[in-house]
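J.: Start counting at 1 in the sequence shown, then tack on 678, and there's your number in the working numbering.
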Amino acid sequence: MNRREYLTTFSASVTGLTILSGTSKAASDAAGSLYLKELPDDRQTLGDEAEVKVEVKNEGDSSNRMYVGYSVTDPDGDYLDNGKTTDKATEYLSSGDTQIMTLEWTVTEEAPPGEYGFIVKLWDNRENNNGPDESMQGELDTIDRTDENVFEVVK
679 MNRREYLTTF
689 SASVTGLTIL
699 SGTSKAASDA
709 AGSLYLKELP
719 DDRQTLGDEA
729 EVKVEVKNEG
739 DSSNRMYVGY
749 SVTDPDGDYL
759 DNGKTTDKAT
769 EYLSSGDTQI
779 MTLEWTVTEE
789 APPGEYGFIV
799 KLWDNRENNN
809 GPDESMQGEL
819 DTIDRTDENV
829 FEVVK
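(1) Looking at Asp720: is its Cβ nearer than 7 Å to the Cβ of Ser773?
(2) Which residue's Cα is closest to the Cα of Tyr783: Gly710, Ala708, Thr763 and Ala767?
(3) Looking at the unbroken beta strand (DSSP E) that takes in Leu712, where does it start and where does it end?
(4) What's the call for Asp756, buried or exposed, on a 16-neighbour Cβ count within 10 Å?
(5) Return the CA-CA distance between Thr723 and Thr768, expressed in angstroms with no decimal places.
(6) Suppose the cutoff is 6 Å on Cβ atoms and the five residues either side in sequence are ignored; what does the same chain contact list for Gly700 look like?
(7) Rounded to a whole number of angstroms, what is the C-alpha to C-alpha distance between Thr776 and Asp819?
(8) On a Cα-Cα basis, can you pick out the residue from Val828, Phe829 and Ile821 that is closest to Tyr713?
(9) What's the call for Lys715, buried or exposed, on a 16-neighbour Cβ count within 10 Å?
(10) When the distance is taken between beta carbons, is Met779 closer than 7 Å to Val750?
(11) Rounded to the nearest angstrom, what separates Asp752 and Asn736 at their Cα positions?
(12) Would a C-beta distance cut-off of 7 Å place Asn827 and Glu793 closer than the cut-off?
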C-alpha cells in the first residue's frame, strides 16, 4: 500500500469513528415518582436542619440512578439550597423498587425569619457533578409546596 492509499484508508477510518462517536444516545426510558413521607418540624432556628423525607420509586423499565433536588423558599420567595448541597443521588433502583431519602436544608445566618415553603424534584440525570456549572436534567416528578407556609424560621 502506498502512502496515498494509506492516508485515504486512515482518513476514512477516522471519519467513520468520528461519525460513530458523534451519534446521539437513545432517549432515556427513565420514569420515577416522588411521595412525601415527612414534613420539616414547624419551627427552625439557626443551625437546625429542615428535613423532608420522600420516597422515590423507579417506574422505568430498567435499573436507574435518579437525583433528588431540595430547595426551600424564604418569605421573599427566594430559593435556598445551601449552595447546591441539598441534592442527593438515589441508589441504583431496579424497576419498581423504592428508596426513602432524607433531605436536609440547614438554617444559616443569611436565612431571614418568617414562613418557608419547599420544593423537591426528581431528575433522571446530573451533569458536571459537584462542578460550578452542575445542572439537573430530565425532570421526572415534583412535590411543590412553595406557596405554603410549611415551617417557620425564628431568630
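Ideal placement from N, C-alpha and C gives every residue a C-beta, glycine not left out. This one's a predicted model, so the numbers in the text were calculated from it and none came from an experiment.
T.: Considering the structure as presented:
(1) Walking along the sequence shown from the start, residue 720 turns up at place 42. Walking along the sequence shown from the start, residue 773 turns up at place 95. The answer is no: Cβ separation not under 7 Å.
(2) Mapped onto the sequence shown, residue 783 falls at position 105. The residue asked about is misnamed: residue 783 is Trp in this sequence, not Tyr. Comparing Cα-Cα distances from Trp783 to each of Gly710, Ala708, Thr763 and Ala767, the minimum goes to Thr763.
(3) Taking the sequence shown and counting its residues from 1, the one referred to as residue 712 is at position 34. Gly710 to Glu716 is the span of the beta strand (DSSP E), which, as asked, contains Leu712.
(4) Position 78 of the sequence shown, counted from the first residue, corresponds to residue 756. Classification for Asp756: exposed.
(5) If you number the sequence shown from 1, residue 723 lands on position 45. If you number the sequence shown from 1, residue 768 lands on position 90. Rounded to whole angstroms, Thr723 to Thr768 spans 29 Å at the Cα level.
(6) Here residue 700 refers to the residue found at position 22 of the sequence shown. Note on Gly700: pLDDT 33, under 50, position unreliable in the model; the coordinate value appears next. So the list is empty, once near-sequence residues are dropped.
(7) Position 98 of the sequence shown, counted from the first residue, corresponds to residue 776. Position 141 of the sequence shown, counted from the first residue, corresponds to residue 819. Rounded to whole angstroms, Thr776 to Asp819 spans 14 Å at the Cα level.
(8) The residue given as residue 713 occupies position 35 in the sequence shown. Checking every option, the nearest Cα to that of Tyr713 belongs to Ile821.
(9) Position 37 of the sequence shown, counted from the first residue, corresponds to residue 715. The residue in question, Lys715, is exposed, as its Cβ has fewer than 16 Cβ neighbours within 10 Å.
(10) Residue 750 sits at position 72 when you count from the first residue of the sequence shown. Residue 779 sits at position 101 when you count from the first residue of the sequence shown. Not closer than 7 Å, so no.
(11) Mapped onto the sequence shown, residue 752 falls at position 74. Mapped onto the sequence shown, residue 736 falls at position 58. Taking the straight line joining both Cα atoms gives about 31 Å.
(12) Locating residue 827 in the sequence shown gives position 149, where the first residue counts as 1. Locating residue 793 in the sequence shown gives position 115, where the first residue counts as 1. The answer is yes: Cβ separation under 7 Å.
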